[in-house]
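Novice: Mapping the sequence shown onto numbering that gives the first Met the number 0, position 142 (from 1) lands on 141, and the numbers just tick up by one.
Each residue gets a CB set at the ideal place from its N, CA and C atoms; glycine is no exception.
The structure that follows is given in the form of structure tokens.
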Amino acid sequence: MKRSEPVADDGRSGGARATGTGAGAAAPLSARAREEVLQRIVDRRYEQGARLVEREVAEELSMSRVPVREALRALVAEGLLELLPHSGVRVRRLERADVEHLYEVWEPLSVQAARLAARAAAAGDDTGLEALAAALRQAESAAAADEATREVAAHTAFHEEVVAMAGNPLLARMMEQLSWQLRLLFGLRAEPEHMRAQHAEMHRHIAAGDEEAAAASTLLHVRDSRAVALRSLFGGE
């Protein structure tokens with residue numbers, strides 16, 4: 000997870016970039032196709048259990064079928080899609096065990112990220128603190144406008160900015176592997192108002208440079224988030 004960077008060409012302009020063959024031509028477009036499909040899963044344009052047809056997805060994305068095929072294969076390997084016998088792929092339904100496994104991994108990583116972010120704040124990382132504050136403002140604005148998708152994006156951005164502020168490349172790479180699963184989960188669960196308050200509390204401790212308070216507030220937040228997710232998706236903890 001890292002701070003925003005310019006987005007590469009999305010392959011919608013057609014021509015040689017969209018239809019080229021070979022690894023050099025296909026790789027950038029397949030990566031972009033993967034992101035596009037993931038975004039549609041996250042915002043529920045592709046519902047859990049929905050069957051995805053390669054040709055139809057390629058038409059939606061204005062891409063050739065080659066990069067889309069590679070993107071779908073990658074998402075099957077990542078566990079977000081599953082193969083259907085003789086009939087393509089479908090969006091994998093989250094099971095209770097999937098959610099529990101995700102939180103088991105996310106909890107220690109997010110706690111350490113908060114601790115390191117507080118250390119960075121104590122060392123004078125004002126840019127990181129402003130990025131966290133901006134994510135909080137976006138979440139409040141989205142909630143006030145009753146824009147659930149934008150609020151989810153803001154909450155996700157807050158956690159990503161904590162990781163970026165931590166300044167540990169290995170931690171960032173590990174968290175990057177969880178990024179889309181977390182976005183999907185945040186989009187599916189209920190988003191109680193107190194979650195925003197917990198983010199504000201995390202920000203306050205990080206800004207104060209208090210590593211242990213930042214870690215403790217993050218631990219509380221992640222465990223509460225787990226309970227909310229399980230209750231929202233499966234009716235219990």
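Could you tell me the alpha carbon to alpha carbon distance between L28 and R39, rounded to whole angstroms?
Specialist: Within the sequence shown, the letter at position 29 stands for residue 28. Within the sequence shown, the letter at position 40 stands for residue 39. Between L28 and R39, the C-alpha separation is close to 16 Å.
Novice: Would you check if the region 178-192 and the region 206-220 touch, i.e. whether three or more CB-CB distances between them fall below 8 Å?
Specialist: At 8 Å Cβ cutoff, the stretches do not touch.
Novice: Nearest CA to the CA of V227: which residue from E59, S86, R95?
Specialist: By one-based count along the sequence shown, residue 227 stands at place 228. The option with the nearest alpha carbon to V227 is R95.
Novice: If I follow the unbroken alpha helix (DSSP H) through L71, where does it start and stop?
Specialist: The residue given as residue 71 occupies position 72 in the sequence shown. Unbroken alpha helix (DSSP H) run through L71: 64-77.
Novice: If the criterion is Cβ atoms closer than 8 Å, does the pair L237 and G87 meet it?
Specialist: Residue 237 cannot be examined here, being either before or after the span of the chain that is shown, 0 to 236.
Novice: State buried or exposed for L232, treating a residue as buried only when at least 16 other CB atoms are found within 10 Å of its CB.
Specialist: Here residue 232 is taken as the residue at index 233 of the sequence shown, counted from 1. Label assigned to L232: buried.
Novice: From the DSSP output, in three-state form, read off V110 for me.
Specialist: On the sequence shown, residue 110 is found 111 positions in, with the first residue counted as 1. In the structure shown, V110 sits in a helix (DSSP, three-state: H, G or I).
Novice: Under a three-way DSSP split, which group does R225 fall into?
Specialist: Here residue 225 refers to the residue found at position 226 when the sequence shown is read from its first residue. Correct three-state label for R225: helix.
Novice: For V67 versus V56, is the C-beta distance shorter than 8 Å?
Specialist: Position 68 of the sequence shown, counted from the first residue, corresponds to residue 67. Position 57 of the sequence shown, counted from the first residue, corresponds to residue 56. It is a contact, given that the beta carbons lie within the stated cut-off.
Novice: Quick test of the definition: if touching needs 3 or more C-beta pairs under 8 Å, does the region 112-132 touch the region 155-173?
Specialist: Result yes; three or more Cβ-Cβ pairs closer than 8 Å.
Novice: Can you tell me which of A117, L82, S216 puts its alpha carbon nearest to the alpha carbon of R243?
Specialist: For residue 243 there is no data in the structure shown, the boundaries of the chain being 0 and 236.
Novice: Please tell me whether E211 has its Cβ less than 8 Å away from any Cβ of chain C.
Specialist: Of the chains in the structure shown, none is chain C; there is only one protein chain.
Novice: Which partner residues of R50 appear in the DSSP bridge assignment?
Specialist: As a first step, residue 50 is located in the sequence shown; it is residue number 51 there, counting from the start. The partner list for R50 (beta bridge, DSSP) reads R89.
Novice: For the beta strand (DSSP E) that E159 lies in, which residues bound it at each end?
Specialist: By 1-based counting over the sequence shown, the position of residue 159 is 160. Counting along the chain, E159 falls outside any beta strand (DSSP E), though it belongs to the alpha helix (DSSP H) covering 147-165.
Novice: In angstroms with no decimal places, state the Cα-to-Cα distance between A112 and G186.
Specialist: On the sequence shown, residue 112 is found 113 positions in, with the first residue counted as 1. On the sequence shown, residue 186 is found 187 positions in, with the first residue counted as 1. Distance between the alpha carbons of A112 and G186: 22 Å.
Novice: Starting from the Cα of E192, find the closest Cα among E211, R172, D223 and give me that residue.
Specialist: The count along the sequence shown starts at 1 and reaches residue 192 at position 193. That would be D223, whose Cα lies nearest to the Cα of E192.
Novice: What's the call for L252, buried or exposed, on a 16-neighbour Cβ count within 10 Å?
Specialist: Residue 252 is absent from the model: the chain starts at 0 and stops at 236.
Novice: If we count the other Cβ atoms within 10 Å of its Cβ and call it buried at 16 or more, is E160 buried or exposed?
Specialist: As a first step, residue 160 is located in the sequence shown; it is residue number 161 there, counting from the start. Its Cβ being crowded by 16 or more others within 10 Å, E160 is buried.
Novice: Going by other Cβ atoms of all chains shown within 10 Å of its Cβ, with 16 needed for buried, is S63 buried or exposed?
Specialist: Position 64 of the sequence shown, counted from the first residue, corresponds to residue 63. That one is buried.
Novice: Who are the Cβ neighbours of A138 in its own chain at under 8 Å, not counting the five residues just before and after it?
Specialist: For the purposes of this step, residue 138 is taken as residue 139 along the sequence shown, with counting starting at 1. Within the same chain, A138 has close Cβ partners E150, A153, H154, F157, R195, H198.
Novice: With a Cβ-Cβ cutoff of 8 Å, do A73 and R33 count as a contact?
Specialist: Counting from one through the sequence shown, the residue named residue 73 turns up at place 74. Counting from one through the sequence shown, the residue named residue 33 turns up at place 34. Taking 8 Å as the Cβ cut-off, A73 and R33 qualify as a contacting pair.
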